[in-house]
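Numbering (the working numbering), first residue to last: 492 to 651. We treat Cβ as the ideally placed atom computed from N, Cα and C, and that holds for glycine. Notes follow the structure.
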């Protein structure tokens, strides 16, 4: 069974988001081994410079790097990444599996994004929308799209 890791910056505080994560975790258990790892986010000051932004992203990246296994297929969720339809996303996951990968790690950065070192290590960058969403909500989007992708690849029906 495929191992799906979701590595994120920050904790989910809202109960309605925790409930959604719990529901999708349950649904996905039929298709993959899901592991969600949260690293603590850095405090973001009101006044930001480019140096401060990069420093915060680098600190968060260092925390995440310890959690990334060398053999995993690393995918970053990034606004500059490639956009997929649900069907294409399902095909991409199947393609990754066919290449002999038993583990995929999706990285969701914090408020300011993902540090350069992790972006450079990733094999792929994907973007769910050109719009900006809170990183906590993107976690739900990713779980839903993973569930949809597995349903599609299994030939099971899923609402359109």
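Query                                                                                                                                               : Result
Report the residue from 571, 514, 601 and 611 whose alpha carbon sits nearest the alpha carbon of residue 525.                                      : 514
Beta-carbon within less than 8 Å of residue 635's beta-carbon, same chain only, minus the 5 sequence neighbours each way: which residues are those? : 515
Leaving out five residues before and five after residue 614 in sequence, what residues of the same chain have Cβ atoms less than 6 Å from its Cβ?   : 564 and 565
I want to know whether the segment 573-583 touches the segment 611-625 - three or more CB-CB distances under 8 Å.                                   : yes
Under 7 Å between the Cβ atoms of residue 532 and residue 591?                                                                                      : no
Just the C-alpha distance for residue 529 and residue 646, rounded to the nearest angstrom, thanks.                                                 : 32 Å
State the start and end residues of the unbroken beta strand (DSSP E) segment that holds residue 597.                                               : 594-599
For the beta strand (DSSP E) containing residue 493, name the first residue and the last one.                                                       : 493-500
What three-state label does DSSP hand residue 616 in the structure shown?                                                                           : strand
By how many angstroms is the C-alpha of residue 637 removed from the C-alpha of residue 643?                                                        : 10 Å
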